[in-house]
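Trainee:
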Amino acid sequence: MEIMHDNYCIDYDSPTTTIIFKGSLRLSGMEDYSPIANLLEDVALQNKPLITIDLKGLEFLNSSGISMLSKFVINIRKLNKSQLLIKGSDNVPWQGKSLKNLQRLMPSLILEIS
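Residues in the sequence shown are numbered consecutively from 1, following full-length UniProt numbering.
See the structure below:
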């Protein structure tokens, strides 16, 4: 499954249960993020052993997007069926601090920033 827009692309690779974000997400609010949130929820409900979120190619994520990602992490924690791996990049300034905050929501989250 893929969600494409002029400024961003979200691609779901089913065999590896990896969701890849690329571009810049500057959507207006949670309503605008609902297609992405629905994709994340669908993946969470599959109860796969490992879910990977690859954010290395995501240059910008606004506060509504961070909120959407936080809700996803909380949902994964509540379901307690999947390990969550989030991949980030040292080259993208917002990712260091923001992604570490997700670990506070789910201490077992694996965070790889390279």
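Every residue gets a Cβ at the ideal spot worked out from N, C-alpha and C, and that includes glycine.
Note that the coordinates shown come from a computational prediction; the quantities given were computed from them, not determined experimentally.
For the region 30-38 against the region 85-105, do three or more pairs of beta-carbon atoms, one drawn from each stretch, fall closer than 8 Å, so that the two count as touching?
Mentor: no
Trainee: Kindly list the residues whose CB is nearer than 8 Å to the CB of Y8, restricted to its own chain and excluding five residues on each side of it in sequence; keep chain order.
Mentor: To locate residue 8, count along the sequence shown from 1; it is residue 8. Cβ within range, chain order: F21, K22, G23, S24, L25 and L58.
Trainee: Rounding to the nearest angstrom, what Cα-Cα distance links L109 and L50 in this structure?
Mentor: For the purposes of this step, residue 109 is taken as the residue at position 109 of the sequence shown. For the purposes of this step, residue 50 is taken as the residue at position 50 of the sequence shown. The alpha-carbon atoms of L109 and L50 are separated by roughly 11 Å.
Trainee: Is it right to say T16 is buried, meaning 16 or more other beta carbons lie within 10 angstroms of its own, or is it exposed?
Mentor: Residue 16 sits at position 16 when you count from the first residue of the sequence shown. It counts as exposed.
Trainee: Between I74, E112, I113 and S82, which lies nearest to M106 when the distance is taken from Cα to Cα?
Mentor: One-based indexing of the sequence shown puts residue 106 at position 106. The residue with the shortest Cα to Cα distance from M106 is I74.
Trainee: Based on the DSSP secondary-structure assignment, which residues constitute the bridge partners of Y8?
Mentor: Locating residue 8 in the sequence shown gives position 8, where the first residue counts as 1. Per DSSP, G23.
Trainee: Would you mind reading off the limits of the beta strand (DSSP E) that contains G88?
Mentor: In the sequence shown, counting from the first residue as 1, residue 88 sits at position 88. Start and end: Q83 to G88.
Trainee: To which residues does DSSP link G57 through a beta bridge?
Mentor: As a position in the sequence shown, residue 57 is number 57, starting the count at 1. In DSSP, G57 forms a bridge with K22.
Trainee: Rounding to the nearest angstrom, what Cα-Cα distance links L102 and S82 in this structure?
Mentor: Indexing the sequence shown from 1 puts residue 102 at position 102. Indexing the sequence shown from 1 puts residue 82 at position 82. Distance between the alpha carbons of L102 and S82 is about 15 Å.
Trainee: Where does T17 fall in DSSP's three states?
Mentor: For the purposes of this step, residue 17 is taken as the residue at position 17 of the sequence shown. It is coil, neither helix nor strand.
Trainee: Could you tell me which residues DSSP puts in a beta bridge with L50?
Mentor: Here residue 50 corresponds to residue number 50 of the sequence shown, with the count starting at 1. Paired residue(s): Q83.
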